[in-house]
Every structure is written in C-alpha cells, then in structure tokens.
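Following my numbering, the residues of the sequence shown are numbered contiguously, the last one being 509. Don't be surprised by glycine CBs; every beta carbon is placed ideally from N, CA and C.
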Amino acid sequence: MHDETPVLIVGGSLVGLTSGLLLGDLGVPSLVVERHSGTAIHARAGHFQLGTTEMLRQVGLERTVREASARTYHPTGGIIAVESLAGEQLATYVQELNEGVEGLSPTVRVFINQDVLEPILREKAVELGATVRNRVEATALEQDDDGVTATLRDLESGEERTVRARYAIAADGNRSPTRARLGIAMEGHGVLSRSITIYFRADCTPLLKDRNQGVIYVHNPELRGFFRLDRAGKTGFLVINSVGADVTTDAAVNVGEGITEERAAAMLQTAIGTPDIPVEILQIVHWRAEANYATRMRAGRVFLAGDAAHVVPPNGGYGGNTGILDARNLAWKLAAVVKGEAGPALLDTYEAERHPLSKLTVEQAYTRYATRVVPERGTDDAEPFIDDLTMELGLVMSSAAVIGGEDGVRHLPPPDTRGRPGTRAPHVALGRDRSTLDLFGRAFVLLRPAGADGSAPTGVDVHLIEAEGFTEAYGITRDGAALVRPDGVVGWRSEGAFERDELAAALAAIRAQG
Ligand SMILES: Cc1cc2nc3c(=O)[nH]c(=O)nc-3n(C[C@H](O)[C@H](O)[C@H](O)COP(=O)(O)OP(=O)(O)OC[C@H]3O[C@@H](n4cnc5c(N)ncnc54)[C@H](O)[C@@H]3O)c2cc1C
C-alpha cells in the first residue's frame, strides 16, 4: 500500500517550502520531505529581490517578512566595497537597496536571513495544506506513465515507505541526488572557489560610521569576500572567496583548507581592519561558489527547481530568488494539470520558459562575481552586465503558454515591457497601497480599461481598471485587454478591439486544451 499525494517535493528548504506553499494556495496538497530536522540553520540567502517579495505579498506574507527583516537589518542598506571596515571605501555597487523601485512595484526588496524566512514559509505552507516531514530522505525515485513512486526513509526509525505522486519537484539543492538519479548534467563556469563563511560576534559599530550595512565587499591584498552585518553591527558573517596571491589566479582556491579558529579570527580581523576589536568565532561553514545550470529542468514527471537546477555565486543575491521564480512558474501549471483545468502539455512550458532565463541568470551572477570579487582575472568570459531591475522585472519568456510573444528577446528595461506577452504584468497603483499585482496569484485575470465589456470565458476573473496610466502601462487602447496568468505573467494581449473567440482560443492554447 502506497501513501499518495498529488505532488511530492524532495527538499524542504527555501524552494521546496515555497513550492508547497504556492501549491497549497492554489488548493493542491503536497508532501514535502526534508532530511534535516528543521529549516535552515545558517543565514545564507539574505538579499530578496522583487520577484520574491511580490510573491510574498500575494500570499499575504509581506508584512510579516518586512517586520522580521526590520528586526535584523536596516531597510535601506546598500552594497559597497571597502579595503576593510576600518579602511577606505572603494566602490558603491548599489547606493540604496530600493533605489529605482518606487513606481515599478507595490513592494520593496528586503534583507532577511534564510534561517528567519524559512520558518515563515513553512508555517504558511502547512496552513495552506502542505504536509512537511522532516528527517525523511527520498532514497529512490521511479516513474511510469501515470506517476512517480518514491522510497522515503524515516531517518529516526530507519523505516522505509513508498509514496505515489502524480508529479515530483526536486528542490533538493546544489548536489541534488534526484538530478543525479535522472542523469541530468550541469554546464557552466564550474567551481569558482572553495569558500568559507565565518559566523562571528564583534562590535563593528564604531567602524561603520554612516555606512549602511546591506552587503559590504572586502577587497584587500590578503582576502576577497563580503560581510553581512546585523542592524546593530555586532554580529554577522564574513564570506571569504579567495585569499592571498590566489586572488589573481584562475584556480578554484580552497580557502578553508586547514582552517582553524585562530586562522579564521585572523582573517576576520584583516577584513575588519584592526586587531583592536575583539572577535568571537561562532562557526565556520565550508561551501563551493559555482556558476552552473542543469542541461534540463525536467525528466518526465520530475521537475528540477532551485539550486538543483542552477547554482550561482552569491554576488547579486540570485540563488534563492531564482529558485523562487522557478517555484512560481511551476506551481500554477502543476495545479492546473492536477485539477484537470489544463492539458499535461502545459508542463512542457516550464523548461521552455525557465531554462533560458536560468542560464541568463547564472551568467549575470558570474558577471557580478567576476567584476566584484576577482576583477584582476579579467572579464573576457563574462557576459555584459544587465542591471538588477531589468533582471528582476524585465525578463521575457517565450513558450506555448505565451501567445504572441516575441521569440529571441530575453530582457527589457522594466518600463519598456508594457504588458508584452511573456513579461511580468506591470504594477499600476489602484489607490492606497493597492496594486494590479494584488489581483493575481490564483486565477487567470483579464484586465481591461473601465467602460469595456466585462465578459470573459469561465475561470477568468475580469477587472475593469480606472486607474491613471493603466492603458499606457499595459500597452493597450480603450478597447484592448491583457490576460494575466496566475503567476503574474502576461499570457496574451490585444492592443485594440478583439473577438471573443480570440480570447477563448488564447486561453485554451495557454492551458494546452485541445
Ligand atoms: C553565503 C551565501 C549567501 C547567499 N546569499 C544569497 C542571497 O543573498 N540571495 C539569494 O537569493 N540566495 C543567496 N544564496 C543562495 C541560497 O542560499 C540558495 O540558492 C538557496 O538555499 C537554494 O534553495 P533550495 O531550496 O533550492 O536548496 P537548498 O537550500 O540547498 O535546500 C535543499 C534541501 O534539500 C534537502 N535534501 C537533499 N536531498 C534530499 C533527499 N534525498 N531527501 C530529502 N531532503 C533532501 C537538503 O537537506 C536541503 O535542506 C546564498 C548562499 C550562500 C552560501
């Protein structure tokens, strides 16, 4: 006898929990299995971009997350480079975390540590119907024409059970055992450095002066890396990507080799820039900075999401955020197919839409690593820099679930997306703290100007929008319409008048029906 679930999610960290939460929000239960006893124990991801915070707003977690962020971080930190905290400021990469965001989004980017965010996601996922089982490992996974059978081992009792699911999501991280089982290879720039993160206590307040404290890169002859300090400047972590003369070589430097607490304390004091501040080392974590993507994001009924599908160096904060975009793209498609509202071919569009963007994002994270961490090595193998706002709000997707999209264009400055099919549906303010984005998340939404015909096919919510700037933002006239998918992406648009059949045909095509 098998346990049964519509969707099995292997890995209950950032992306697995987000997937369970979004499926639950769409009324589809899932089983999330995680071999660790709880959520993340390390801070890791801290910089959350608009794609993530807009999702959090749509599921009602914006305020909780912003309050949790404010307890640890200054909401307007920037990203700078210094010789050391006591030394000179060398560069400003981002003046202020939310510079340029106003008017483009109803929410903001936040700094919040992954070990603080994950319990919030987990609680919401469970509230919405996901079952999360910790200390459970997926040890085998097989699939046939109708579903997936996974063997799950309870790591406390050693007991094994099988679970039968219609689909599975592999959100099992960088070393993804599921990806290995499926024989999916990784491509890209390989291992960039064998890095360490030193978690510490040290009162750096006197050195911070009026410098804001989002991310502080350290560039000096002895080491390269970055600090993330809490709001008070007294605890935080230092990531070290390379040390000494190795900074300028191409070798994947092993920073952590033979590391002791004394050596870590000495490195930390070098980065602080003075031996006068007492330091206490809390923990040293070893990890590899990589810039790679999986050659495929799907094998049959199993979908790769998050670090299982792409691994980036932390520069720019693309790791977790890109995984959350995967989850957002996949959840509504799986939900629609499981509920019988869409044909299985809709699931083909996950890889078609996310794979090129995953590759683009890996390259952009690599460009940030090359320019911010090891500029001496040159940037010949790095793609030209694309600004953060474009990467967050201006990505363009193309697939059978985008009708009338333009193939080949992968990104646009956000103000130029203008409701083009395949792009994020723009934010238009609908009064005090209300946005067009608040209309999306659960169903297909047809947006039309006030006064237009409000009829639509079954299953489509219609909103007639009076707000100023709406037609310009969506690139339509007073007779036009934009059909927005549950993930907030424009699926079809008519700039001017259209036949009802045209809309019905577009909807059916997106849903892969018939
Ligand atoms: C120093 C540092 C700073 C970072 N900063 C940022 C940042 O600012 N912004 C950002 O977006 N990202 C950042 N990242 C990246 C971010 O931490 C990762 O991208 C993110 O954790 C990926 O989430 P995930 O759920 O895909 O994978 P993971 O977090 O790796 O989780 C995978 C989970 O799967 C579980 N698992 C694996 N195999 C099995 C199995 N067989 N059965 C059951 N469970 C299994 C694992 O135990 C693990 O909990 C940073 C990373 C580091 C190291």
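Return the chain-ordered ranges of every beta strand (DSSP E) run that is complete within the stretch 219 to 289 and spans a minimum of 3 residues. As for any beta strand (DSSP E) of minimum length 3 sitting wholly inside the stretch 219 to 289, the runs are 230 to 238, 275 to 289, ordered along the chain.
Just list the alpha helix (DSSP H) runs in the stretch 405 to 433, keeping only unbroken ones of 4 residues or longer that don't cross its boundaries, in chain order. You should have 409 to 412.
Buried/exposed call for Ile75, threshold 16 Cβ in 10 Å: With 16 or more Cβ atoms within 10 Å of its Cβ, Ile75 is classed as buried.
Is the shortest distance between the beta-carbon of Val455 and the beta-carbons of chain D less than 8 Å? Here chain D cannot be found, since the structure has a single protein chain.
By DSSP's criteria, Arg196 is part of a beta bridge. Which residues make up the other side? Under DSSP, Arg196 takes part in a beta bridge, and its partners are Thr230, Glu275.
Distance, Cα to Cα, Leu17 vs Ala326? Each residue's alpha carbon lies about 6 Å from the other.
Does the distance between the C-beta of His214 and the nearest non-hydrogen atom of ligand 1 fall short of 7 Å? The beta carbon of His214 sits no closer than 7 Å to any heavy atom of ligand 1.
Rounded to whole angstroms, how far is the Cβ of Glu217 from the Cβ of Val238, which I believe are closer than 8 Å? Confirmed, about 7 Å.
Answer yes or no: do Ala289 and Asp321 have a C-beta to C-beta separation smaller than 8 Å? No, the pair does not count as a contact, with Cβ atoms beyond the cut-off.
Looking at Ile191: is its Cβ nearer than 8 Å to the Cβ of Ile279? Yes, the pair counts as a contact, with Cβ atoms nearer than the cut-off.
According to DSSP, what are the bridge partners of Gln138? Paired residue(s): Val143.
With three or more beta-carbon pairs closer than 8 Å as the criterion, would you say the stretch 33 to 50 touches the stretch 135 to 154? Counting Cβ pairs under 8 Å, fewer than three are found: no touch.
Please report how far the alpha carbon of His42 lies from the alpha carbon of Glu91, in whole angstroms. Counting only the Cα atoms, Glu91 lies some 12 Å from His42.
For Pro1, the first and last residue of its enclosing alpha helix (DSSP H): Element bounds for Pro1: not the alpha helix (DSSP H) but the beta strand (DSSP E), -2 to 5.
Going by alpha carbons, who is nearest to Pro421 out of Ala360, Glu371, Gly483? Comparing C-alpha distances from Pro421 to each of Ala360, Glu371, Gly483 shows the shortest one belongs to Gly483.
Strictly by DSSP, which residues pair up with Glu182? Beta-bridge pairing links Glu182 to Tyr288.
Using a 10 Å radius around the Cβ and a threshold of 16 neighbouring Cβ atoms, would you call Gln84 buried or exposed? Gln84 comes out exposed.
Reference Thr385, options Ser394, Gly373, Leu407, closest by Cα: Minimum Cα distance to Thr385 is reached at Leu407.
Cβ of Glu132 within 7 Å of any heavy atom in ligand 1? Within the cutoff, so yes.
Within the same chain, show all residues whose beta-carbon is closer than 7 Å to that of Gly315, passing over the 5 residues directly before and after it, in chain order. Here the set comprises Leu9, Ala40, Gln109.
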